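Novice:
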Amino acid sequence: MAKKQNNTKASENIGAQPRLHQRAAEIQSYGTVSHALPLELEEPVRLEMTEQLNQLLADTMTLRDLYKKSHWQVAGPTFYQLHLLYDKHHGEQDELVDSIAERIQLLGGVSIAMAADVAETTQIERPPRGREEVPVQLSRLLDAHQVIIREARTLARRAFTLGDDGTNDLIVSEVLRTNELQAWFLSEHLVDVPLVEAKKASAIAGAS
Ligand SMILES: [Fe+2]
217 MAKKQNNTKA SENIGAQPRL HQRAAEIQSY GTVSHALPLE LEEPVRLEMT
267 EQLNQLLADT MTLRDLYKKS HWQVAGPTFY QLHLLYDKHH GEQDELVDSI
317 AERIQLLGGV SIAMAADVAE TTQIERPPRG REEVPVQLSR LLDAHQVIIR
367 EARTLARRAF TLGDDGTNDL IVSEVLRTNE LQAWFLSEHL VDVPLVEAKK
417 ASAIAGAS
């Protein structure tokens with residue numbers, strides 16, 4: 217009789233039933249950094265860097281999503297090339313998102329992650345849900361790049377001053393360089409040049 221009771225107890229502990237619907241308190245709050253990481257960076261430095269990196273992360277996630285929206289909704293004679301270009305830039309921004317987020321975790325912080333939290337944090341203007349024409353798409357994307365480039369330059373200088381060389385390198389080598397290059401590729405699409413017939417020199421002279 218005693219042996220049967222033991223068997224019943226063992227089967228309760230090692231059953232194949234997954235433990236579903238679990239909830240518990242957070243193990244670390246957003247906006248904090250964990251202690252005693254062997255990085256030779258003081259806690260106040262890691263706190264400031266992770267806060268600024270989270271702003272950059274929220275804006276980079278928003279730009280990444282703006283590229284996918286543009287990729288899906290683009291229309292007009294340049295559909296094919298822009299459809300492909302937008303998706304290439306989306307992929308590159310997605311890599312930046314991962315690099316920034318993992319830098320925050322490495323520094324002991326907590327990366328912002330979910331769309332609702334990103335929407336509350338980003339400084340990039342929210343576009344409408346509907347479709348917009350190509351010049352507006354390009355202008356929105358360029359405005360977003362400008363926000364990120366400005367933040368990146370400020371953050372890189374601050375990281376250098378505080379001795380956080382890893383963050384400085386990430387921001388300059390990856391974030392800044394990628395955003396500058398993408399902004400150039402977009403900007404050239406907004407130069408008003410003829411598609412089929414060159415403007416006559418006399419027409420240009422007459423207009424000036
Ligand atoms: Fe696609």
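Position one of the sequence shown corresponds to residue 217 (my numbering), numbered consecutively onward.
Using N, Cα and C, we set each Cβ at its ideal position, and we do this for glycine too.
Because the structure is a prediction, the values reported are computed rather than measured.
Leaving out the 5 sequence neighbours to the left and right, which residues in its chain are closer than 8 Å to Glu-349 when beta-carbon positions are compared?
Specialist: Along the sequence shown, read from residue 1 onward, the residue named residue 349 stands at position 133. Around Glu-349: Ala-291, Gly-292.
Novice: Under 8 Å, do Gln-289 and Arg-347 count as touching if we go by C-beta distance?
Specialist: Taking the sequence shown and counting its residues from 1, one reaches residue 289 at position 73. Taking the sequence shown and counting its residues from 1, one reaches residue 347 at position 131. Judged by beta-carbon spacing, Arg-347 lies within the 8 Å limit of Gln-289, meaning their Cβ atoms are closer than that value.
Novice: Just checking His-287 against ligand 1 - is the residue's beta carbon closer than 7 Å to any of the ligand's heavy atoms?
Specialist: Residue mapping note: residue 287 aligns to position 71 of the sequence shown, counting from 1. Flag set: Cβ of His-287 near ligand 1.
Novice: Buried or exposed: where does Gly-324 fall if 16 or more other Cβ atoms within 10 Å of its Cβ makes it buried?
Specialist: Counting from 1 along the sequence shown, the entry for residue 324 is found at position 108. Burial call: buried.
Novice: Whose C-alpha, out of Glu-311, Thr-266, Leu-322, is nearest the C-alpha of Pro-254?
Specialist: Looking up residue 254 in the sequence shown gives position 38. Comparing Cα-Cα distances from Pro-254 to each of Glu-311, Thr-266, Leu-322, the minimum goes to Leu-322.
Novice: Just the Cα atoms here: how many angstroms apart are Gly-382 and Glu-390?
Specialist: Against the sequence shown, residue 382 aligns to sequence position 166. Against the sequence shown, residue 390 aligns to sequence position 174. When only Cα atoms are considered, Gly-382 and Glu-390 end up about 11 Å apart.
Novice: Could you tell me whether the segment 336 to 344 touches the segment 276 to 283, where touching means 3 or more Cβ pairs closer than 8 Å?
Specialist: yes
Novice: For Met-217, collect the residues of the same chain with a Cβ closer than 7 Å to its Cβ; drop the 5 residues on either side in sequence, then sort them by chain order.
Specialist: To locate residue 217, count along the sequence shown from 1; it is residue 1. Only weak support exists for where Met-217 lies, its pLDDT of 43 falling under 50; the value from the coordinates is given anyway. So no residue of the chain qualifies.
Novice: Assuming contact is defined by CB atoms lying nearer than 8 Å, are Arg-369 and Gln-268 in contact in what I supplied?
Specialist: Position 153 of the sequence shown holds residue 369. Position 52 of the sequence shown holds residue 268. Cβ atoms of Arg-369 and Gln-268: not closer than 8 Å.
Novice: Less than 8 Å between the beta carbons of Ala-360 and Leu-282, yes or no?
Specialist: Counting from one through the sequence shown, the residue named residue 360 turns up at place 144. Counting from one through the sequence shown, the residue named residue 282 turns up at place 66. Taking 8 Å as the Cβ cut-off, Ala-360 and Leu-282 qualify as a contacting pair.
Novice: Between which two residues does the alpha helix (DSSP H) harbouring Pro-351 extend?
Specialist: Taking the sequence shown and counting its residues from 1, the one referred to as residue 351 is at position 135. Element bounds for Pro-351: 350 to 378.
Novice: Whole beta strand (DSSP E) runs in the segment 251 to 287 with 3 or more residues, listed along the chain?
Specialist: none
Novice: By how many angstroms is the C-alpha of Leu-354 removed from the C-alpha of Val-412?
Specialist: For the purposes of this step, residue 412 is taken as residue 196 along the sequence shown, with counting starting at 1. For the purposes of this step, residue 354 is taken as residue 138 along the sequence shown, with counting starting at 1. C-alpha separation (whole angstroms): 22 Å.
Novice: Enumerate in chain order the residues of its own chain whose CB-to-CB distance from Tyr-302 is below 6 Å, with the five nearest sequence positions on each side excluded.
Specialist: Here residue 302 refers to the residue found at position 86 of the sequence shown. Cβ within range, chain order: Tyr-283, Ser-286, His-287.
Novice: Reducing DSSP to helix, strand and coil, say where Arg-345 ends up.
Specialist: The residue you call residue 345 lines up with position 129 of the sequence shown. Here Arg-345 sits in coil by DSSP.
Novice: For the candidate residues Ala-232, Val-326, His-306, whose alpha-carbon lies nearest to that of Gly-247?
Specialist: Here residue 247 corresponds to residue number 31 of the sequence shown, with the count starting at 1. Ranking Ala-232, Val-326, His-306 by Cα distance to Gly-247 puts Val-326 first.
Novice: Please classify Gly-157: does DSSP put it in a helix, a strand, or coil?
Specialist: Outside the modelled stretch of the chain, which goes from 217 to 424, sits residue 157, for which no answer is possible.
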